[in-house]
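Which chain is which? The protein sequence lines are L and Y, in order. The opening position of the first sequence corresponds to residue 0 in numbering that gives the first Met the number 0, with each subsequent residue numbered one higher. The opening position of the second sequence corresponds to residue 0 in numbering that gives the first Met the number 0, with each subsequent residue numbered one higher.
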Amino acid sequence: MTVRGLRLLSILSVVLVAVGFGLVFFYAPLDTDQGFRQKIFYLHVPLGIVGLCGFIVAAWHGFRYLRTGDPASDLRAYVYIHMSQIVAVAVLITGGIWGKTAWGTWWRWDEPFLVSFLFLFLIYATYQVLRFSIDDPQRQARAASAFAIAAGAFVPVNFTVVRMANQYLHPRTLDNAANGGLPGPVLVTFLICFLAIATLFVTLVRYELLSKSTTFRLRSLERRAGGDDLLPRRSAVLQA
Amino acid sequence: MSRPIGSLRATWLVVRKDLLLERRTFELLPSMGLLALGTIALLRFALDQDEVSGDLAAGALLIPLLLAALLGIARLFAAEESDAGVDQFLLSPAPAGALLAAKIVGLFVVLVTLEVVLVPVFALLLLGPSIGPVLPEVVLVLLLLDAALAVIGGLVAGLAIGSRSRELLIPIMVVPFALPALISAQAALAPVLEQDPGALVTRWPAVLAIYAVILGLVGSVVAEFLVED
């Protein structure tokens, strides 16, 4: 993506986030049971969905790396996982805050969404440990890509098993939406917030990709300037 | 010039080599058994109960099994890594993925062998109700759990080949990957270990089997990329 495109995406993210939060505070109605505390739903649930999508996209890029060997795919998988890890921590924190305000406790083991995210966090927390404990860059990329695929396959299974093992406690807001039971203003606010968080996520991913690729190019130039990266020219070898 | 050999034959040859090595050295199975037995003894005092049943019994059986499996997984590629065995395997005409498949099958055999001893010992030392009437259900769940753990173990050990922190990585990666399998096994075993032969809910063994199959498919996709020089 060009710098201009990234600038436009950044402005769009800021506008959507501002509009989303404006709707949350001034447009969306107060929940009859939980009151103002329920507003964290507009942050917690979009973060969760975006984080999960990030892990799945990382698995796709890992798969592409193994098929093509293109280092850009490995870099994308790395960045998507890194950003989704941050989102997963935010989901755990916002979920805890919601739980404390709604049920008086920071954590409940019978809440499937939070428990599933804890398991995902535990899995993906090992990604960097695995990646940076392998010295050979190609082997590192292969192992990291294989990990991204395996962990990506783990995501839906994990959610299914944890949901099966627990009774439903969280308000089934999205189920209600599917049944047409979510009030219009709530649905509109939720969709705008989801779009805002998704755009912000993509923007941050693009920034990190740009930062990493610039760093790699800079290091390569430094090595070449220092003479470390220069292979002997073919003509020089032939003359020798 | 060596002839290429099929995946199944290559897998069988490596499994046979590993099991023969274990029979001669006899170091892994006794270590796994001792760790499992020690954990059962520890659980007796941690739970402060002479006999357990239901939920507690399922947990008290699965935790020693998981810890013993961790030992086995950590040693899965030990022979290959100490003698550059992976490179030697890659020089052979066998397909690269056969090595990972062989490790999964070998681990499955080791886990089943361990349970042949561990389950009666657990029933004798800690389980309240008699295990006899529910033995077929327990065996079914444990076999499916072994399959899932073997696939997870093979995959994680394969990922950690060439890593500087293999001993650190394997346990912290296996445990979260094994959580869905352990939750399913716990949910399946808990009513059974209340000595109710008809209590096995079929969806849990099905979940275990599906999980093992999904990770097995992932393993088959990435195997050749993990076993490379």
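For every residue, glycine included, the Cβ atom is placed at its ideal position computed from N, Cα and C.
Checklist line | Proximal residues to A101(L) (C-beta, below 8 Å), its chain only, five neighbours per side dropped | finding: Sequence index remark: in the first sequence, residue 101(L) carries index 102 (1-based). Closer than 8 Å at the Cβ level, and outside the excluded window around A101(L), lie Q33, R36, Q37.
Next item on the list: Examine chain L for any beta-carbon lying closer than 9 Å to the beta-carbon of V137(Y), and answer yes or no.
Entry: In the second sequence, counting from the first residue as 1, residue 137(Y) sits at position 138. Cβ-Cβ to chain L under 9 Å: no for V137(Y).
Note to self: Rounded to the nearest angstrom, what separates G94(L) and L42(L) at their Cα positions?
What the structure shows: Taking the first sequence and counting its residues from 1, the one referred to as residue 94(L) is at position 95. Taking the first sequence and counting its residues from 1, the one referred to as residue 42(L) is at position 43. In a straight line, the C-alpha of G94(L) is about 10 Å away from that of L42(L).
Notebook entry, point to check: If we ignore side chains and look at the alpha-carbon of each, how far apart do Q139(L) and R222(L) end up?
Noted result: Working through the first sequence from its first residue, we reach residue 139(L) at position 140. Working through the first sequence from its first residue, we reach residue 222(L) at position 223. Approximately 21 Å, taken between the alpha carbons.
Margin query: Judging by CA-CA distance, which residue of A95(Y), V226(Y), A59(Y), L98(Y) is the nearest neighbour of I39(Y)?
Written below: Locating residue 39(Y) in the second sequence gives position 40, where the first residue counts as 1. Selected option, being the one with the closest Cα: A59(Y).
Item checked: Between the CA atoms of I10(L) and G4(L) - distance to the nearest angstrom -> Position 5 of the first sequence, counted from the first residue, corresponds to residue 4(L). Position 11 of the first sequence, counted from the first residue, corresponds to residue 10(L). Between G4(L) and I10(L), the C-alpha separation is close to 10 Å.
Checklist line | Residue range of the unbroken alpha helix (DSSP H) whose run includes K99(L) | finding: Stepping through the first sequence from its first residue, residue 99(L) is reached at position 100. Residues 70-102.
Next item on the list: Under the assumption that A149(L) contacts L168(Y) (Cβ atoms under 8 Å), give the Cβ distance between them as a whole number of angstroms.
Entry: Position 150 of the first sequence, counted from the start, is the residue given in the question as residue 149(L). Position 169 of the second sequence, counted from the start, is the residue given in the question as residue 168(Y). Actually they are not in contact, since the Cβ atoms of A149(L) and L168(Y) sit about 14 Å apart, beyond 8 Å.
Margin query: Between the stretch 183-199 of chain Y and the stretch 119-139 of chain L, can you find at least three pairs of beta-carbon atoms closer than 8 Å?
Written below: no
Item checked: Simplified DSSP assignment, three categories, for G161(Y) -> Taking the second sequence and counting its residues from 1, one reaches residue 161(Y) at position 162. If DSSP states are grouped into helix, strand and coil, G161(Y) belongs with coil.
Notebook entry, point to check: Tell me the DSSP bridge mates of G105(Y)?
Noted result: By one-based count along the second sequence, residue 105(Y) stands at place 106. Beta-bridge pairing links G105(Y) to no other residue.
Checklist line | Interface partners of S83(L) on chain Y, CB under 9 Å | finding: As a position in the first sequence, residue 83(L) is number 84, starting the count at 1. Near S83(L) there are no residues of chain Y at all, since even the closest Cβ is about 15 Å away, more than 9 Å.
Notebook entry, point to check: With respect to the alpha helix (DSSP H) encompassing R263(Y), which residues constitute its N-terminal and C-terminal limits?
Noted result: Here chain Y covers residues 0 to 228 and nothing more, so residue 263(Y) does not appear.
Notebook entry, point to check: With DSSP run on the structure shown, which of helix, strand or coil describes L216(Y)?
Noted result: Working through the second sequence from its first residue, we reach residue 216(Y) at position 217. Three-state result, L216(Y): helix.
Notebook entry, point to check: L148(Y) CB to nearest chain L CB: under 9 Å?
Noted result: Counted from its first residue, the second sequence places residue 148(Y) at position 149. Not an interface residue.
Margin query: Which residues does DSSP list as the beta-bridge partners of D30(L)?
Written below: Translated into positions along the first sequence, residue 30(L) becomes position 31. In the DSSP output, where bridge partners are listed per residue, D30(L) has G34(L).
Checklist line | Any chain L beta carbon closer than 9 Å to A159(Y) | finding: Here residue 159(Y) is taken as the residue at index 160 of the second sequence, counted from 1. Answer yes: the Cβ-Cβ gap between A159(Y) and chain L drops below 9 Å somewhere.
Notebook entry, point to check: Which value, in whole angstroms, describes the spacing of the CA atoms of S52(Y) and L113(L)?
Noted result: Translated into positions along the second sequence, residue 52(Y) becomes position 53. Translated into positions along the first sequence, residue 113(L) becomes position 114. Cα to Cα, the separation comes out at about 29 Å.
Margin query: Using a Cβ-Cβ cutoff of less than 6 Å, which residues in the same chain neighbour A83(Y) once the five nearest sequence positions on both sides are dropped?
Written below: The residue labelled residue 83(Y) in the question sits at position 84 within the second sequence. Within the same chain, A83(Y) has no close Cβ partners at all.
Item checked: 9 Å Cβ cutoff, T104(L) in contact with chain Y -> If you number the first sequence from 1, residue 104(L) lands on position 105. Chain Y contact via Cβ: absent.
Next item on the list: Taking I226(Y) and V85(Y) to be in contact with their CB atoms under 8 Å, please state how far apart those CB atoms are, rounded to whole angstroms.
Entry: By one-based count along the second sequence, residue 226(Y) stands at place 227. By one-based count along the second sequence, residue 85(Y) stands at place 86. Looking at the sequence provided, one finds Val at residue 226(Y) rather than Ile. Between V85(Y) and V226(Y) the Cβ distance is about 6 Å, and since that is below 8 Å, they are a contact.
Next item on the list: Return the first residue and the last residue of the alpha helix (DSSP H) that I39(Y) is part of.
Entry: The residue you call residue 39(Y) lines up with position 40 of the second sequence. Element bounds for I39(Y): 27-46.
Notebook entry, point to check: Are any of the Cβ atoms in chain Y nearer than 9 Å to that of S144(L)?
Noted result: Taking the first sequence and counting its residues from 1, the one referred to as residue 144(L) is at position 145. Yes, its Cβ sits closer than 9 Å to a Cβ of chain Y.
Note to self: Can you tell me whether E136(Y) is buried or exposed? The criterion is at least 16 other CB atoms within 10 Å of its CB, across all chains shown.
What the structure shows: On the second sequence, residue 136(Y) is found 137 positions in, with the first residue counted as 1. By the 10 Å Cβ count, E136(Y) comes out buried.
Next item on the list: Pull up the DSSP beta-bridge partners for V51(Y), would you.
Entry: As a first step, residue 51(Y) must be located in the second sequence, where it is residue number 52. Partner(s): L126(Y).
Note to self: Let me make sure I understand the geometry here. Which of A205(Y), A57(Y), V115(Y), V108(Y) has the alpha-carbon closest to that of P128(Y)?
What the structure shows: Position 129 of the second sequence, counted from the first residue, corresponds to residue 128(Y). Minimum Cα distance to P128(Y) is reached at A57(Y).
Checklist line | P175(Y) to S72(L) span [Cα, whole Å] | finding: Numbered from 1 along the second sequence, position 176 holds the residue referred to as residue 175(Y). Numbered from 1 along the first sequence, position 73 holds the residue referred to as residue 72(L). Distance between the alpha carbons of P175(Y) and S72(L): 26 Å.
Next item on the list: Could you confirm whether any beta carbon from chain L is found closer than 9 Å to the beta carbon of E227(Y)?
Entry: Taking the first residue of the second sequence as 1, we reach residue 227(Y) at position 228. Yes, its Cβ sits closer than 9 Å to a Cβ of chain L.
Notebook entry, point to check: What is the residue span of the alpha helix (DSSP H) that A140(L) lies within?
Noted result: Along the first sequence, one-based indexing puts residue 140(L) at 141. It spans 136-164 - the alpha helix (DSSP H) in which A140(L) sits, taken as one unbroken run.
Notebook entry, point to check: So, is L33(Y) buried or exposed, given that buried needs 16 or more other C-beta atoms within 10 angstroms?
Noted result: Within the second sequence, numbered from 1, the residue matching residue 33(Y) stands at position 34. Exposed.
Check: Which of the residues in the stretch 128-139 of chain L, read from start to end, lie with their CB under 8 Å from any CB of chain Y?
Finding: V128, L129, S132, I133, D134, D135, R138
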